[in-house]
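Trainee: Questions regarding the structure given below will be posed in turn.
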Amino acid sequence: MPHVNPDAQLPPRDGGAELSAAGGATAQLRINEIFFSLQGETSRIGLPTVFIRLTGCPLRCTYCDTTYAFAGGRNLGIADILRHVAEYAPRYVTVTGGEPLAQKNCLPLLCALCDEGYVVSLETSGALDIGEVDARVMRVMDIKTPASGEAGKNRWENLPLLNMHDEIKFVLCDESDYRWAKQILLQHRLNDKCAVALSPAHGMLDATQLAEWILRDRLPVRMLLQLHKLLWNDAPGH
Ligand code: SF4
Numbered sequence: 004m005p006h007v008n009p010d011a012q013l014p015p016r017d018g019g020a021e022l023s024a025a026g027g028a029t030a031q032l033r034i035n036e037i038f039f040s041l042q043g044e045t046s047r048i049g050l051p052t053v054f055i056r057l058t059g060c061p062l063r064c065t066y067c068d069t070t071y072a073f074a075g076g077r078n079l080g081i082a083d084i085l086r087h088v089a090e091y092a093p094r095y096v097t098v099t100g101g102e103p104l105a106q107k108n109c110l111p112l113l114c115a116l117c118d119e120g121y122v123v124s125l126e127t128s129g130a131l132d133i134g135e136v137d138a139r140v141m142r143v144m145d146i147k148t149p150a151s152g153e154a155g156k157n158r159w160e161n162l163p164l165l166n167m168h169d170e171i172k173f174v175l176c177d178e179s180d181y182r183w184a185k186q187i188l189l190q191h192r193l194n195d196k197c198a199v200a201l202s203p204a205h206g207m208l209d210a211t212q213l214a215e216w217i218l219r220d221r222l223p224v225r226m227l228l229q230l231h232k233l234l235w236n237d238a239p240g241h
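Heads up, the sequence shown is in the working numbering, so the first residue is 4 and it goes up one at a time.
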C-alpha cells in the first residue's frame, strides 16, 4: 500500500474538538491515513476505492511495505471517518492497515460503512479472529508464509469461517514459499472455500517466474501484482 502523509489526508489538527464531538467518545479509531486510489489487489483490482488505513500491527513481516503504519496517526470517531469517505463519493471502500482487527472499533466501523451503502472489504493478516466481521464485508485474508517470518501467527481457526464472498492471499518471497503455499492450498482445499491469490513479494520474487510455476502446476489461483506499485511506484497519495 502506498505511503501518504496522514496530515495531508486528514482534517487539520485545529478541527479536533469538533471532530471528537461528532465521532463520540466510545467509537474512536487510530487512523493512519485515508486516501482515494485504485484498488491494487484482490478481485476488485483497478476499481476506484477509498482506503482507510488503521494504525498498528502485531506482526512484523519481512517484506512489510507499511511500517509507517505501525505507529502514529490520529484518533477519529466513526462519524468523522464516514464524513471523510463521503467526500470522495466512492462505491468501494477498503479498511486496511497495519492490522485493522487489532483495534476493536474496527468492527463497528465496518458495520457503519456497510450501512452507508458502500461495497466494503477488509484486508487482514489472518492472525486475528475474523468471525465477528460484518457478513456484508469481503474479508481478504493473508496466509503468512515461512519467509514472511510470521507463519507462526496464522490463525488456522479462521479457515472454516471463510466463504465464497471472501478471498485468501499468499505473498511469496521465494520458491520455498511457493511450494509451501501450494501444499496449504491442496491440503485445506482452499479453492472450495473462496478465491485464492498468489502475489510475489515486491523486489524479492520474480513475477514471471511465479507465473510459470503457477502454469506448470496448473494451480487454480489468481496471480496478482500490486497495481498501485506498477502505476505509482509507492508515490504518496496512491
Ligand atoms: S501484517 Fe501487513 S502491516 Fe503487519 S507487518 Fe505484515 S505486511 Fe506489515
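We treat Cβ as the ideally placed atom computed from N, Cα and C, and that holds for glycine. The structure displayed is predicted, hence computed values, not measured ones.
Apart from the five residues on each side of it in sequence, which residues of its chain come closer than 6 angstroms, Cβ to Cβ, to HIS87?
Mentor: When the five nearest sequence neighbours on each side are left out, the beta carbons in the same chain lying within less than 6 angstroms of the beta carbon of HIS87 are those of ILE37, in order along the chain.
Trainee: Thinking just about the alpha-carbon of each residue, which of ALA200, PHE173, ASN166 and MET167 is nearest to the one in ASN157?
Mentor: ASN157 has its Cα closest to that of PHE173, out of ALA200, PHE173, ASN166 and MET167.
Trainee: Which value, in whole angstroms, describes the spacing of the CA atoms of GLY27 and PRO103?
Mentor: In this prediction, GLY27 scores a pLDDT of 42, lower than 50, which makes its location untrustworthy; the coordinate-derived value is nonetheless stated afterwards. Using only the alpha carbons, I get a separation of about 20 angstroms.
Trainee: Helix, strand or coil, according to DSSP, for VAL96 in the structure here?
Mentor: strand
Trainee: Label GLN186 either buried or exposed according to how many other C-beta atoms from any shown protein chain fall within 10 Å of its C-beta, with 16 as the threshold for buried.
Mentor: By the neighbour-count criterion, in which a residue is buried when 16 or more other Cβ atoms sit within 10 angstroms of its Cβ, GLN186 is exposed.
Trainee: Closer than 7 angstroms to a non-hydrogen atom of the ligand SF4 - does that hold for the CB of GLU153?
Mentor: yes
Trainee: So does the segment 230-238 actually touch the segment 209-221, counting three or more Cβ pairs closer than 8 angstroms?
Mentor: no
Trainee: State buried or exposed for LEU175, treating a residue as buried only when at least 16 other CB atoms are found within 10 Å of its CB.
Mentor: buried
Trainee: If you count every other CB in all the chains shown that lies within 10 Å of the CB of THR65, and 16 or more means buried, which is it?
Mentor: exposed
Trainee: Apply the 10 Å Cβ neighbour rule to ARG221 and answer buried if 16 or more other Cβ atoms are within range, or exposed otherwise.
Mentor: By the 10 Å Cβ count, ARG221 comes out exposed.
Trainee: Tell me the rounded alpha-carbon separation between VAL219 and LEU50.
Mentor: One point to set straight first is that residue 219 is Arg, not Val, in the sequence displayed. Cα to Cα, ARG219 sits roughly 30 angstroms from LEU50.
Trainee: Short check: CB of ALA30 to CB of PRO111, under 8 angstroms?
Mentor: yes
Trainee: So SER179 and PRO149 are supposed to be a Cβ contact under 8 angstroms. How far apart are they, rounded?
Mentor: 7 angstroms
Trainee: VAL140 by DSSP, collapsed to three states: which one?
Mentor: coil
Trainee: Under the rule that 16 or more other beta-carbon atoms within 10 Å means buried, what is PRO203, buried or exposed?
Mentor: buried
Trainee: Would the C-beta of ARG139 count as close to the ligand SF4, meaning under 7 angstroms from any of its heavy atoms?
Mentor: no
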